[in-house]
Every structure is written in C-alpha cells, then in structure tokens.
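Visitor: Residue numbers (our numbering): 83 to 173. By construction, the Cβ of each residue, glycine as well, lies at the ideal position given by its N, Cα and C atoms. Quick caveat, the model's predicted, so the values are computed rather than measured.
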Amino acid sequence: MLEREPREERTEVTFVLPADTPPGPVSVVGDFNDRQPGIHTPAPREDGERAVTVRLPNESTHSCRYLAAGDYWFSEPSAGDQDGPDSRLHT
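See below:
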C-alpha cells in the first residue's frame, strides 16, 4: 500500500507492507535510488506494519519494485500503473 503526502515542492510517498508478508528483509528499489537494495528498507511502525518514506519531486513519474529475501521481486499494486514488472508511481 502507498501513502502519499503532498508538500510544497515534493511528495512524501510511504511504502507500507504487513509486518511479516513477505517474511524477512525487504527493500524498495527504483529509479529514485539507482535500484540499490538496502537504501529504502521498510522498518516496523507502531501499528505493526513496516514502512519507509521516499521524498519525490511533485508531478513526476518513477518506476519501482520491492526486493525481498531469497531474490523475491514483487510490484506495488496500489501504484496504479505497471511498466512491465515495475510499478509506475505518479506524484
């Protein structure tokens, strides 16, 4: 699930995952972090979910995916669009 918080010049996009699905560490990888795992890693929140926030320019489009343990890749269904295996995120 995605949470979006528009700001004056940026949009804060929070990637939210259940606490244990998928199990183990997960990274958000996309064109905004040169697809480098480990830069944007969801951390536990008080509500039991895991989340990480990325600040992106307003009115921009980005491609991203999740990478979980065991080389398990998956997309973000609430992003809206898909570009092949990637989710397309619009701010």
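1) Report the residue from 116, 145, 149 and 170 whose alpha carbon sits nearest the alpha carbon of residue 103.
2) Who pairs with residue 87 in a beta bridge, going by DSSP?
3) Under three-state DSSP, which class holds residue 168?
4) Quick one: what's residue 112 bridged to in DSSP?
5) On the CB-based measure, 16 or more other CB atoms within 10 Å of its CB, does residue 142 come out buried or exposed?
6) Restricting to Cα atoms, I'd like to know which of 100, 144 and 128 is closest to residue 116.
7) Please name the residue, chosen from 160, 168 and 164, that lies closest to residue 98 on a Cα-to-Cα basis.
Guide: So, from the data block:
1) Looking at 116, 145, 149 and 170, the one whose alpha-carbon comes closest to that of residue 103 is 149.
2) According to DSSP, residue 87 bridges with 94.
3) In the structure shown, residue 168 sits in a strand (DSSP, three-state: E or B).
4) 146, per the DSSP bridge assignment.
5) By the C-beta density criterion, residue 142 is exposed, having fewer than 16 other C-beta atoms within 10 angstroms.
6) The shortest C-alpha separation from residue 116 is found at 144.
7) Just measuring C-alpha positions, the residue of 160, 168 and 164 sitting nearest residue 98 is 160.
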